[in-house]
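The block underneath contains the structure these notes are about, expressed in structure tokens.
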Amino acid sequence: MSEQANSSGIESLSNGLRERNAQTSKPIGDREVTSQSLEDKLQVEEGDAADAEKKTFGRTPDGKVFTVPPTRDMVSQLLSPSEPKNISDIFVLAILGCHILLLWCLPSSFRIAAFAVIFLFWRASYNIGIGWLLHMQSNGRTLVCWAKKSNIFVNPSTGQNPHPTLYKMLKWELETKISEQYSFDEAPTEYNTWLVFRRVVDLILMCDFTSYCLFAIACGGRPAGESFIMLALRWTTGMSLVLFNLWVKLDAHRVVKDFAWYWGDFFYLIDQELTFDGVFEMAPHPMYSVGYAGYYGISLMAASYKVLFISILAHAAQFAFTGSC
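Numbering-wise (my numbering), the sequence shown opens with residue 15 and increments by one.
Listed below in structure tokens is the structure:
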């Protein structure tokens with residue numbers, strides 16, 4: 015009798031323990047699932063925070079905050095086969111092609127004078143033309159006010175834009191070039207105005223540089239009686255200055271990005287601090303000071319005082335432009 019009672023007691027105790035274990039196992043599983051879901055949520059939040067850190071936010075003068083989409087540099091946009099091309103790119107490339115064709119077609123007696131005039135025209139377009147636009151934008155926000163007054167960035171379906179063809183062309187142009195994080199209709203007027211201004215700057219800068227190089231080619235030659243050692247020294251020094259110039263431009267662009275490269279602060283501000291390291295520790299305004307070393311390198315390779323004099327003139331004009339801005 016006592017053995018049966020003991021056995022039944024042991025069985026009931028064992029059953030009770032099994033029931034309690036079964037009951038307590040479920041909350042443990044819930045806690046594991048909850049813990050896993052919290053970890054997943056934290057990972058998602060950390061990923062969102064990392065993506066937010068990668069984004070650059072712009073702020074218009076009236077306080078509107080927007081995401082500044084990533085953009086490509088001028089040379090990559092125009093010359094890289096992997097970059098999509100639009101009408102403005104084809105137009106710029108066609109103008110550059112006309113410059114090269116003109117060098118080939120003109121008689122040798124007219125090449126130097128013609129390309130001196132062409133280069134000085136584009137240099138004036140840069141230092142005077144762009145300088146005037148920036149002056150007007152800085153003092154009266156003229157470019158943005160004109161864009162708002164003309165409603166060229168407003169969807170014609172609203173009935174407020176009297177230029178639907180221009181709207182479609184600009185929308186296609188800009189959205190083709192900036193495919194990530196950009197919407198023509200949602201971007202603020204200040205940003206769209208800056209993008210159009212940037213295309214004008216691209217045309218002037220590319221034509222300025224191309225016409226200068228073609229002028230150097232037209233003037234280039236080898237001095238009579240020059241030894242091979244002097245020839246090698248002249249070209250080695252010239253190429254070194256050009257490569258140094260290229261490094262200065264690339265490192266400066268790394269620091270200031272397209273925002274400062276194209277005077278974006280005249281149109282909107284970014285919530286980001288720039289760290290002026292690298293080439294900016296070498297000289298003030300490196301893009302316009304030591305960044306013109308290539309001019310003197312090309313003058314050496316061309317072995318031409320004409321190229322040297324026009325280089326000094328262009329460099330001085332650039333310093334005047336920098337001071338005015």
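Glycine residues also receive a C-beta, built at the ideal position from the N, C-alpha and C atoms.
Residue span of the beta strand (DSSP E) that contains Val-304, given as start and end: Within the sequence shown, numbered from 1, the residue matching residue 304 stands at position 290. Looking at the DSSP string, Val-304 is not in any beta strand (DSSP E), and its letter there is neither H nor E.
Neighbourhood of Thr-207 by C-beta distance below 7 Å, restricted to the same chain and skipping five residues each side: Here the question's residue 207 lines up with position 193 in the sequence shown. Here the set comprises Leu-157, Val-158, Ala-161, Phe-281.
In the structure shown, what three-state DSSP assignment does Thr-85 receive? Numbered from 1 along the sequence shown, position 71 holds the residue referred to as residue 85. Three-state DSSP puts Thr-85 in coil, outside helix and strand.
Note down the Cα distance separating Ser-123 from Gly-234, rounded to an integer number of angstroms. Numbered from 1 along the sequence shown, position 109 holds the residue referred to as residue 123. Numbered from 1 along the sequence shown, position 220 holds the residue referred to as residue 234. If you take the alpha carbons of Ser-123 and Gly-234, they lie about 13 Å apart.
Taking Gly-235 as part of the alpha helix (DSSP H), name the residues at either end of that continuous run. To locate residue 235, count along the sequence shown from 1; it is residue 221. Gly-235 -> no alpha helix (DSSP H), and no H or E assigned at all.
In terms of residues, what are the limits of the alpha helix (DSSP H) holding Tyr-173? Start at 1 with the first residue of the sequence shown, and residue 173 comes out as number 159. Note that residue 173 corresponds to Gly in the displayed sequence, not to Tyr. Unbroken run through Gly-173: none, as it is neither H nor E.
Buried or exposed for Glu-287, going by 16 or more other Cβ atoms inside 10 Å? What you label residue 287 is simply residue 273 of the sequence shown in a count that begins at 1. Per the 10 Å Cβ criterion, exposed.
Spatial neighbours of Trp-277 in its chain, beta-carbon cut-off 7 Å, leaving aside the 5 residues before and after: The sequence position of residue 277 within the sequence shown is 263, counting from 1. Cβ within range, chain order: Leu-148.
So what does DSSP say about Arg-252, is it helix, strand or coil? Indexing the sequence shown from 1 puts residue 252 at position 238. Per the sequence presented here, residue 252 reads as Gly, with Arg not at that position. Here Gly-252 sits in helix by DSSP.
In terms of residues, what are the limits of the alpha helix (DSSP H) holding Phe-124? Taking the sequence shown and counting its residues from 1, one reaches residue 124 at position 110. That run of the alpha helix (DSSP H) goes 122-138.
Simplified DSSP assignment, three categories, for Thr-336: Translated into the one-based positions of the sequence shown, residue 336 becomes position 322. Helix.
Selection from Ile-243, Ala-317, Leu-247, Ala-297 that minimises the alpha carbon distance to Lys-263: As a first step, residue 263 is located in the sequence shown; it is residue number 249 there, counting from the start. It is Ala-297.
Ends of the beta strand (DSSP E) at Phe-71? Stepping through the sequence shown from its first residue, residue 71 is reached at position 57. That run of the beta strand (DSSP E) goes 70-73.
With Pro-83 and Glu-194 assumed to form a contact (beta carbons below 8 Å), what rounded beta-carbon distance in angstroms separates them? Working through the sequence shown from its first residue, we reach residue 83 at position 69. Working through the sequence shown from its first residue, we reach residue 194 at position 180. Contact flag correct, Cβ pair sits at about 6 Å.
Candidates Phe-335, Trp-118, Gly-77, of which the one nearest Glu-204 by Cα: Locating residue 204 in the sequence shown gives position 190, where the first residue counts as 1. Ranking the options by Cα distance to Glu-204, first place goes to Gly-77.
Note down, in chain order, each residue of its chain lying with its Cβ closer than 6 Å to the Cβ of Arg-248, except the 5 sequence neighbours on either side. The residue labelled residue 248 in the question sits at position 234 within the sequence shown. The answer, listed in chain order, is Leu-314.
DSSP-derived helix/strand/coil call for Leu-288: The residue labelled residue 288 in the question sits at position 274 within the sequence shown. Three-state DSSP puts Leu-288 in coil, outside helix and strand.
Check each candidate in Phe-135, Leu-322, Ala-317, Met-301 and name the one with the smallest Cα separation from Tyr-309. Reading the sequence shown from its first residue, position 295 is the one you call residue 309. It is Leu-322.
If contacts are defined as beta-carbon pairs under 8 Å, then Ser-338 and Gly-145 qualify, I think. What distance do you get, rounded to the angstrom? Sequence index remark: in the sequence shown, residue 338 carries index 324 (1-based). Sequence index remark: in the sequence shown, residue 145 carries index 131 (1-based). The Cβ separation is near 6 Å, so the contact holds.
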